[in-house]
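Chains F and E supply the protein sequences, listed in that same order. Per the working numbering, the very first residue in the first sequence carries number 34; after that it's consecutive. Per the working numbering, the very first residue in the second sequence carries number 34; after that it's consecutive. Right, one structure below, let's go through it.
Number of protein chains: 2
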Amino acid sequence: MATINKNFEKLPGSYLFSTIAKKVREFEEANPNAEIIRLGIGDVTKPLAPSVIKALNSAVDEMSKEETFKGYAPDLGYAFLREKIAMYDYKDRGCNISADEIFVSDGAKCDCSNIQEIFGIDNTIGVCDPVYPVYVDSMAGRTGLYNSDTMRFDKVIYMPCNAENNFVPELPGKAPDLIYLCFPNNPTGAVISKDELQKWVDYANENNSVILYDAAYEVYISEENVPHSIYECDGARTCAIEFRSFSKTAGFTGLRLGFTVVPKDLVLDGVALHGLWARRHGTKYNGAPYIVQRAGEAIYSEQGRREIKEQIGYYMNNAKIILEGVKDAGFTAYGGVNAPYIWLRTPDNMTSWEFFDFLLDKANVVGTPGVGFGPEGEGYYRLTAFGNREKTIEAMTRIKEAR
Amino acid sequence: MATINKNFEKLPGSYLFSTIAKKVREFEEANPNAEIIRLGIGDVTKPLAPSVIKALNSAVDEMSKEETFKGYAPDLGYAFLREKIAMYDYKDRGCNISADEIFVSDGAKCDCSNIQEIFGIDNTIGVCDPVYPVYVDSMAGRTGLYNSDTMRFDKVIYMPCNAENNFVPELPGKAPDLIYLCFPNNPTGAVISKDELQKWVDYANENNSVILYDAAYEVYISEENVPHSIYECDGARTCAIEFRSFSKTAGFTGLRLGFTVVPKDLVLDGVALHGLWARRHGTKYNGAPYIVQRAGEAIYSEQGRREIKEQIGYYMNNAKIILEGVKDAGFTAYGGVNAPYIWLRTPDNMTSWEFFDFLLDKANVVGTPGVGFGPEGEGYYRLTAFGNREKTIEAMTRIKEAR
Numbered sequence: 034m035a036t037i038n039k040n041f042e043k044l045p046g047s048y049l050f051s052t053i054a055k056k057v058r059e060f061e062e063a064n065p066n067a068e069i070i071r072l073g074i075g076d077v078t079k080p081l082a083p084s085v086i087k088a089l090n091s092a093v094d095e096m097s098k099e100e101t102f103k104g105y106a107p108d109l110g111y112a113f114l115r116e117k118i119a120m121y122d123y124k125d126r127g128c129n130i131s132a133d134e135i136f137v138s139d140g141a142k143c144d145c146s147n148i149q150e151i152f153g154i155d156n157t158i159g160v161c162d163p164v165y166p167v168y169v170d171s172m173a174g175r176t177g178l179y180n181s182d183t184m185r186f187d188k189v190i191y192m193p194c195n196a197e198n199n200f201v202p203e204l205p206g207k208a209p210d211l212i213y214l215c216f217p218n219n220p221t222g223a224v225i226s227k228d229e230l231q232k233w234v235d236y237a238n239e240n241n242s243v244i245l246y247d248a249a250y251e252v253y254i255s256e257e258n259v260p261h262s263i264y265e266c267d268g269a270r271t272c273a274i275e276f277r278s279f280s281k282t283a284g285f286t287g288l289r290l291g292f293t294v295v296p297k298d299l300v301l302d303g304v305a306l307h308g309l310w311a312r313r314h315g316t317k318y319n320g321a322p323y324i325v326q327r328a329g330e331a332i333y334s335e336q337g338r339r340e341i342k343e344q345i346g347y348y349m350n351n352a353k354i355i356l357e358g359v360k361d362a363g364f365t366a367y368g369g370v371n372a373p374y375i376w377l378r379t380p381d382n383m384t385s386w387e388f389f390d391f392l393l394d395k396a397n398v399v400g401t402p403g404v405g406f407g408p409e410g411e412g413y414y415r416l417t418a419f420g421n422r423e424k425t426i427e428a429m430t431r432i433k434e435a436r
Numbered sequence: 034m035a036t037i038n039k040n041f042e043k044l045p046g047s048y049l050f051s052t053i054a055k056k057v058r059e060f061e062e063a064n065p066n067a068e069i070i071r072l073g074i075g076d077v078t079k080p081l082a083p084s085v086i087k088a089l090n091s092a093v094d095e096m097s098k099e100e101t102f103k104g105y106a107p108d109l110g111y112a113f114l115r116e117k118i119a120m121y122d123y124k125d126r127g128c129n130i131s132a133d134e135i136f137v138s139d140g141a142k143c144d145c146s147n148i149q150e151i152f153g154i155d156n157t158i159g160v161c162d163p164v165y166p167v168y169v170d171s172m173a174g175r176t177g178l179y180n181s182d183t184m185r186f187d188k189v190i191y192m193p194c195n196a197e198n199n200f201v202p203e204l205p206g207k208a209p210d211l212i213y214l215c216f217p218n219n220p221t222g223a224v225i226s227k228d229e230l231q232k233w234v235d236y237a238n239e240n241n242s243v244i245l246y247d248a249a250y251e252v253y254i255s256e257e258n259v260p261h262s263i264y265e266c267d268g269a270r271t272c273a274i275e276f277r278s279f280s281k282t283a284g285f286t287g288l289r290l291g292f293t294v295v296p297k298d299l300v301l302d303g304v305a306l307h308g309l310w311a312r313r314h315g316t317k318y319n320g321a322p323y324i325v326q327r328a329g330e331a332i333y334s335e336q337g338r339r340e341i342k343e344q345i346g347y348y349m350n351n352a353k354i355i356l357e358g359v360k361d362a363g364f365t366a367y368g369g370v371n372a373p374y375i376w377l378r379t380p381d382n383m384t385s386w387e388f389f390d391f392l393l394d395k396a397n398v399v400g401t402p403g404v405g406f407g408p409e410g411e412g413y414y415r416l417t418a419f420g421n422r423e424k425t426i427e428a429m430t431r432i433k434e435a436r
């Protein structure tokens, strides 16, 4: 008889954002006149850039004619897109990554979870705490058991990130086999300097660990000496896989496009991970839509880059408004300079969820309780810069009044 | 130190269609003037229907304006699409499937492989032989070892399909925990009658097995008493998951859209599989693009259905031309009536690959060697009806001359 994968039973009941949605729905039902402002989920609000729309229209037109119709895409993605990525995201920043080391996909969420399939089931995994829940929830048989008191799985190696270490974890004493790092960080908005990241690369190479580097927010980096890619570090080609997304870069959350870089020099036990990921990608995935790949290509044109820069500028201005707003209101807050997330300390020893309820009730503002990202997130709260300008300003006014 | 997932090493070196592509490339280099006709891969050639293009254009327009822009899609897909599917694909055929049992995705290939994640790693799996390679290649730890002499994995339960049983397998003596069935079948083009399928449903319910039913080609069914969905059978709601695709139905191979049905009555050990798949889908997948879901919705409009019917008619006319053509040329052939695939016996005791080389050389026609789908496919060869009409006719002329 068929049986279920018992690992699902180890997962905490509900996905963080589903719980939030439920609470907000209940509040709305009880308070039908409340005008709720949502600064919780990391979804964008600006429409697609004109260059992207133009590329979509033109690609849709191609799909309407027999001569230019496109069926199945090449396994790893169209060359026109991979070459632009290799040039603008890597070569231009001094990174030695070739187009055929880039795997186009429908987003970083799928890739950063599915990547675990190419590794041994007994590999240990290190994650920052707090952390984007997907890394942990997709670990299947590798987590060990969940302890609901500590809110931790017993086989996962948690690397605490807090104000004391500037939200950049220490190198663990015993090296995890796989190490998830995400910078600029979701949820804390922290970044890592190039020197610090180099230490992680050296550590991974010394210990034969693989770094799974989530660089989904690199476009929000505004300061110097903050690496946009792990391949800016020496030796990363032998120890790191990098994930990128068009979601936050160009507002593709509803269009779906991302990519993963697996350098050909990354070899375990004589086997190149590039070949394994190519096999996994080719066997269980059928490529991102042609029209979406054309849309992705458009952000690398001169006009496209200008438009994207403007869009990012808009969100980062929101980030500034939030960071200054909550500081003015007397909060201690982090992030928001190189990332679209502001990570603030809850006041008066409130727990994350108490503060969530407080803000929902008093200010009708919705953010994300820090504890939802891991136990070290307790006492923190995340606000995102992806909202509309007027509502973001209004939210700050309300938060100040509620305080 | 990190290690690889050793199960990858058990897979035969190359994906079938990559080997074919390589052989064709080499032939082309040696014979630069040959005009090769490809009736091998199951990719469509007709452009998207006018209704689909119209829906795409309108959805792209929505994405260009702040008021109508769409970010992340709902986890399970937009209600506008799921409700159309529930109505036209299920209710209209007397199947009791509700919209919230339908999970929209980017295609059946991903779903029919990823579905294995919700089952125990020790579950045995039965597959038809010959079979669509993806089911087997994605089994990860469940296959046992590969024997290159028998071309079989030792833990997979193979269910032979050949001319003797009309390409419909017998019920195995010992029931597999999971059973992949695909009707209309890829690669043989065979169908199963409703009475026969009912036997499988009863068998699965008696043995607590789960049927993974791939109905990607249901739209090609032209005869009566051939089930379009497994849910036409009594009791399927407690034992079957069904996969569908817009790829072959509406030419979406390059647009990517499909869906999976997990009835809420399908329960193992007290756990509803619906909840497990929802958790898997929500954790590791981020939804099909809004514009593509709108495109999918368009095929259910009155005009859309008319256009799709015409497109399918075109391909099925090709199928008829091929079936009659190869029979005229003296071949024994199957399929092609309720499926876009024609499955023919190789002549003169040629192996599948010998016949592949023979046709490539003498007729410059490319099909797929039957043995590529499994050992029972040896001595067979697959032709597809997705080509252009003129080329399909020309291919038949050449095959007759080569014979």
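For every residue, glycine included, the Cβ atom is placed at its ideal position computed from N, Cα and C.
- Query: To the nearest angstrom, how far is it from the Cα of F:Asp185 to the Cα of F:Val160?
  - Reply: According to the sequence provided, residue 185 of chain F is Arg. The question's Asp does not apply to it. C-alpha separation (whole angstroms): 11 Å.
- Inter-residue CB distance, E:Ile190 and E:Thr157 (contact presumed, cutoff 8 Å): 6 Å
- Message: Suppose you measure from the CA of F:Tyr347 to the CA of F:Phe419; what does that come to, to the nearest Å?
- Response: 9 Å
- Message: Quick check on this structure: which residue in E:Phe406, E:Leu49, E:Gly75 and E:Glu330 has the alpha carbon closest to the alpha carbon of E:Asn421?
- Response: E:Gly75
- Look up E:Asp162 in the DSSP assignment and say whether it is helix, strand or coil. strand
- Contact list for F:Pro45 against chain E, beta-carbon separation under 7 Å: Result: empty, since nearest Cβ-Cβ is about 11 Å, beyond 7 Å.
- Message: Can you pull the chain E neighbours of F:Gly410, defined as C-beta to C-beta under 8 Å?
- Response: Correct list: empty, because the minimum Cβ distance to chain E is about 19 Å.
- Could you confirm whether any beta carbon from chain E is found closer than 8 Å to the beta carbon of F:Glu434? no
- Do you know offhand how far E:Arg338's Cα is from E:Ile130's? 21 Å
- When you compare only the Cα positions, how much space is there between F:Ser51 and E:Leu416? 47 Å
- Query: Roughly how many whole angstroms lie between the Cα atoms of F:Val169 and F:Tyr250?
  - Reply: 19 Å
- Task: Identify each residue in the segment 317–347 of chain E for which the Cβ-Cβ distance to at least one residue of chain F is less than 8 Å, and report them in chain order.
- Result: Lys317, Tyr318, Asn319, Gly320, Ala321, Pro322, Tyr323, Ile324 and Val325
- Query: Does F:Cys143 get closer than 8 Å to chain E when you measure Cβ to Cβ?
  - Reply: yes
- Query: By how many angstroms is the C-alpha of F:Glu100 removed from the C-alpha of E:Asn397?
  - Reply: 22 Å
- Taking all protein chains shown into account, do 16 or more other C-beta atoms lie within 10 angstroms of the C-beta of F:Glu27, making it buried, or fewer, making it exposed? Chain F is shown from 34 up to 436; residue 27 of chain F falls before or after that span and cannot be answered.
- Taking the C-alpha atoms as reference points, what is the distance between F:Gly315 and F:Gln149? 16 Å
- Buried versus exposed call for F:Met96 [16 or more other C-beta atoms within 10 Å across all chains shown]: buried
- Query: What residues from chain E crowd round F:Ser242, counting only those whose CB sits closer than 9 Å?
  - Reply: Met34 and Ala35
- Task: Answer with yes or no whether the minimum CB distance from E:Phe391 to chain F is below 8 Å.
- Result: no
- Task: Please say whether F:Ile354 and F:Thr425 have beta carbons closer to each other than 8 Å?
- Result: yes
- Looking at the C-beta of F:Phe113, does it have a partner C-beta in chain E at a distance below 8 Å? no
- Task: Decide yes or no for the touch test of the segment 112–128 of chain F against the segment 317–331 of chain E: beta carbon pairs closer than 8 Å, at least 3 of them.
- Result: no
- Query: What residue from E:Thr282, E:Arg378, E:Ile53 and E:Tyr236 has the CA that sits closest to E:Ala141's CA?
  - Reply: E:Thr282
- Query: So which of E:Cys272, E:Ser262, E:Pro83 and E:Asn40 has the shortest CA-CA distance to E:Leu211?
  - Reply: E:Cys272
- In three-state DSSP terms, what is F:Thr293? strand
- Please list, in chain order, all residues of the same chain as F:Cys145 whose beta carbon is under 6 Å from its beta carbon, the five residues on each side excluded. Asp247 and Phe276
- Task: Give me the Cβ distance between F:Lys360 and F:Ala366, rounded to the nearest whole Å; I'm assuming they're in contact under 8 Å.
- Result: 6 Å
- Find the residues of chain F that neighbour E:Ile151, judging by a C-beta separation of less than 9 Å, and give them in chain order. Ile37, Asn38 and Phe41
- From the DSSP output, which residues share a beta bridge with F:Phe276? F:Asp247 and F:Thr293
- Query: In chain order, which beta strand (DSSP E) runs of at least 3 residues are fully inside the segment 335–420 of chain F?
  - Reply: 366–368, 374–378 and 413–417
- Query: Just the Cα atoms here: how many angstroms apart are E:Lys98 and F:Lys79?
  - Reply: 8 Å
- Query: Considering E:Pro83, what are the terminal residues of the alpha helix (DSSP H) in which it resides?
  - Reply: Pro83 to Met96
- Query: Can the beta-carbon of E:Pro322 be found closer than 8 Å to that of F:Pro322?
  - Reply: yes
- Identity of the residue in F:Val85, F:Arg71 and F:Phe102 nearest E:Ile27 by Cα: Nothing can be reported for residue 27 of chain E: it is not among the residues displayed for chain E, which extend from 34 to 436.
- Cα-Cα, which of F:Arg58, F:Val77 and F:Glu411 is closest to F:Pro193? F:Glu411
- Task: Let me know the secondary structure DSSP gives F:Asn180 once reduced to three states.
- Result: strand
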